[in-house]
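Student: Numbered per our numbering, the sequence shown spans residues 56 to 112. Glycine residues also receive a C-beta, built at the ideal position from the N, C-alpha and C atoms.
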Amino acid sequence: MKYWQLQVCLANELNIFEKYIGEFDIIKRGQETVPANIVLQALSDSKENLIILSIII
Numbered sequence: 056m057k058y059w060q061l062q063v064c065l066a067n068e069l070n071i072f073e074k075y076i077g078e079f080d081i082i083k084r085g086q087e088t089v090p091a092n093i094v095l096q097a098l099s100d101s102k103e104n105l106i107i108l109s110i111i112i
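See the structure below:
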């Protein structure tokens with residue numbers, strides 16, 4: 056998952072994004088891939104109902 060995609064998934068819970076990513080320049084680095092373990096932890100903390108179709112590790 057790209058950083059920009061994770062930010063979109065957590066749009067209503069940006070505190071979770073900041074917790075796992077910290078300050079991040081989404082314009083410059085948004086296309087980079089987020090490590091899978093961070094994606095899983097961040098989405099696990101989310102109260103949103105999300106469906107993960109696949110994760111390539």
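Would you give the residue range spanned by the alpha helix (DSSP H) that lysine 83 belongs to?
Tutor: 81-84
Student: The alpha helix (DSSP H) that contains asparagine 70, what's its start and end?
Tutor: 69-76
Student: Since leucine 65 and serine 99 should fall inside the 8 Å C-beta cutoff, what is the C-beta to C-beta distance between them, to a whole number of angstroms?
Tutor: Not really, about 12 Å apart at Cβ, beyond 8 Å.
Student: Between the C-alpha atoms of glutamate 73 and alanine 97, what's the straight-line distance to the nearest angstrom?
Tutor: 10 Å
Student: So, is isoleucine 106 buried or exposed, given that buried needs 16 or more other C-beta atoms within 10 angstroms?
Tutor: By the C-beta density criterion, isoleucine 106 is exposed, having fewer than 16 other C-beta atoms within 10 angstroms.
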